[in-house]
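Reviewing the structure listed below.
In this note's numbering, the protein residues as written are 3 to 348.
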């Protein structure tokens with residue numbers, strides 16, 4: 003017993019002296035340095051960083067844009083009548099966004115407006131999958147002290163930290179620019195100079211994608227009901243998926259997701275065969291659209307869109323439970339004509 007206790011004490015001493023300092027000081031995911039983040043070549047945990055930042059600066063904002071990293075290139079300074087923060091984070095999911103919004107509310111921050119961007123990621127990724135992805139691990143919201151303890155302990159993985167060492171030591175990033183964006187608008191780099199590589203047109207698709215439409219619809223319903231409960235003005239829209247990614251999504255049930263979504267909340271649709279999705283100039287690659295594409299979308303939401311594009315392409319179509327059948331007939335017809343879906347009759 004004494005030998006066991008001695009070994010335990012030695013282990014704890016080594017943990018305190020070696021393991022913890024290495025992980026905390028290097029901190030590749032910027033969790034321990036959320037208030038002084040560094041551009042170190044490793045994707046930071048933006049879910050955690052942004053939530054912590056907003057909780058410390060709630061007096062600066064009254065409106066929030068939620069979505070995956072695809073919505074990160076929406077310039078929130080152009081959004082109407084509010085002090086906006088772009089709350090996008092990598093593979094942000096409705097279940098996580100609900101918890102983020104609930105956390106803000108529980109701390110006394112009831113937003114005036116919320117925009118929510120959705121797409122195929124919203125129903126293809128199980129939130130539980132992020133538990134093992136340190137750059138996507140969910141903020142420990144209003145959990146117990148035990149939950150928060152285990153959250154931080156997961157970042158004391160010295161093996162992972164050391165594996166990041168070569169990237170961190172060699173990467174020459176622009177920390178000042180990252181901090182300016184993260185600690186002001188929350189947007190991605192809106193001046194990013196990167197042209198679409200037209201030799202890389204394969205759909206963006208992770209090997210762990212698996213349809214969970216019913217579950218995601220219920221998660222979105224919770225988000226909508228939370229906004230209703232606190233009288234938060236909610237605007238929902240779908241991201242314009244690049245055409246090859248869109249086609250793969252349609253093959254994996256995306257139109258079924260869009261149909262069910264209309265019975266939970268009205269939304270503006272930008273996912274279809276349309277002038278954005280089929281034009282590489284509006285994309286960095288087959289996942290993320292550019293600020294120029296975002297400007298077109300936001301203009302449609304705020305000022306109305308072209309009637310021919312709405313009813314011919316489904317672009318900018320404001321979908322409700324009353325007109326969803328008409329909308330779905332448009333996008334299904336596109337999929338039949340292009341051969342993405344096979345017509346099986348009425």
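Note that CB positions come from ideal geometry on N, CA and C, so glycine has one too. Since this is a predicted model, take the numbers as computed values, not measurements.
Which residues mark the beginning and the end of the alpha helix (DSSP H) in which residue 33 is found?
From DSSP, residue 33 is part of no alpha helix (DSSP H); its letter is neither H nor E.
Considering just the uninterrupted stretch of the beta strand (DSSP E) at residue 116, what are its terminal residues?
Annotation: the continuous beta strand (DSSP E) that includes residue 116 extends over 115 to 120.
State the beta-bridge partners of residue 86 as determined by DSSP.
Answer by DSSP bridge pairing, in chain order: 65.
Could you say which of 190, 239, 340 lies nearest to residue 2 if we only look at CA atoms?
Residue coverage of the chain in this structure runs from 3 to 348, which leaves residue 2 outside it and unanswerable.
Does the segment 211 to 230 touch the segment 96 to 110, meaning 3 or more C-beta pairs lie closer than 8 Å?
Here the segment 96 to 110 makes contact with the segment 211 to 230; the two share three or more CB pairs at distances below 8 Å.
Closer than 6 Å by C-beta to residue 315: which residues in its own chain qualify, once you throw out the five before and the five after it? Chain order, please.
Excluding sequence neighbours, residue 315 sits near 274, 276.
Quick check: what's the CA-CA separation for residue 26 versus residue 288?
Note on geometry: alpha-carbon atoms of residue 26 and residue 288 lie some 35 Å from one another.
Enumerate in chain order the residues of its own chain whose CB-to-CB distance from residue 37 is below 8 Å, with the five nearest sequence positions on each side excluded.
Once the five neighbours on either side are set aside, the close Cβ partners of residue 37 are 54, 55, 58.
If you draw a straight line from the C-alpha of residue 78 to the C-alpha of residue 86, how long is it?
If I take the Cα positions, the gap works out to 6 Å.
Any idea which residues DSSP pairs residue 239 with across the strands?
Residue 239 pairs with 119, 270.
Determine which residues share a DSSP beta bridge with residue 350 and list them.
The first residue shown for the chain is 3 and the last is 348, placing residue 350 beyond what the model contains.
Any C-beta of chain D sitting closer than 8 Å to the C-beta of residue 129?
Absent from the structure: chain D. Only one protein chain is present.
Beta-carbon separation of residue 90 and residue 74 under 8 Å?
Yes, the pair counts as a contact, with Cβ atoms nearer than the cut-off.
Which of helix, strand or coil DSSP assigns to residue 141
Coil at residue 141, not helix or strand.
Are the beta-carbon atoms belonging to residue 112 and residue 24 less than 8 Å from one another?
No.
Classify residue 83: buried if its beta carbon has 16 or more other beta carbons within 10 angstroms, exposed otherwise.
With fewer than 16 other Cβ atoms within 10 Å, it is exposed.
Separation of residue 81 from residue 63, as counted between CA atoms:
Computed Cα separation, rounded: 13 Å.
So residue 302 and residue 269 are supposed to be a Cβ contact under 8 Å. How far apart are they, rounded?
Between residue 302 and residue 269 the beta-carbon gap is near 12 Å, outside 8 Å, which marks them as no contact.
Rounded distance between the beta-carbons of residue 296 and residue 255, thought under 8 Å:
Actually they do not touch by this definition, with Cβ atoms about 26 Å apart.
Whole-angstrom Cβ separation of residue 203 and residue 246, contact assumed at under 8 Å?
The Cβ separation is near 6 Å, so the contact holds.
The alpha helix (DSSP H) with residue 326 in it runs from where to where?
Start and end: 326 to 340.
I'd like the list of long-range same chain contacts for residue 215, defined as Cβ closer than 7 Å, with 5 residues on each side in sequence excluded.
Only 125, 255, 258, 259, 262 meet the Cβ criterion.
So, is residue 196 buried or exposed, given that buried needs 16 or more other C-beta atoms within 10 angstroms?
It is exposed - the Cβ of residue 196 has fewer than 16 other Cβ atoms within 10 Å.
Do residue 332 and residue 313 come within 8 Å of each other at the CB atom, strictly closer than that value?
Their beta carbons are under 8 Å apart, which means residue 313 touches residue 332 by this criterion.
Pick helix, strand or coil for residue 321, following the three-state DSSP scheme.
Judged by DSSP in its simplified three-state form, residue 321 adopts strand.
Bounding residues of the alpha helix (DSSP H) (the contiguous stretch that carries residue 249)
245 to 253 is the extent of the alpha helix (DSSP H) around residue 249.
How close, in whole Å, do the beta carbons of residue 50 and residue 102 come, if the pair is a contact with beta carbons under 8 Å?
That pair is no contact at about 10 Å.
For residue 338, count neighbouring Cβ atoms within 10 angstroms of its own Cβ and tell me buried if that reaches 16, exposed if not.
So residue 338 counts as exposed.
Which class does residue 213 belong to by DSSP, given the choice of helix, strand or coil?
Residue 213 falls in the coil class under three-state DSSP.
Residue 184 - containing alpha helix (DSSP H), residue span:
Run containing residue 184: 177 to 184, per the alpha helix (DSSP H) assignment.
According to DSSP, simplified to helix, strand and coil, what is residue 279?
Residue 279: coil per DSSP, three-state reduction.
Within the same chain, show all residues whose beta-carbon is closer than 6 Å to that of residue 70, passing over the 5 residues directly before and after it, in chain order.
93, 94, 123.
May I have the straight-line CA-CA distance separating residue 278 from residue 151, to the nearest angstrom?
Taking the Cα positions, residue 278 is about 45 Å away from residue 151.
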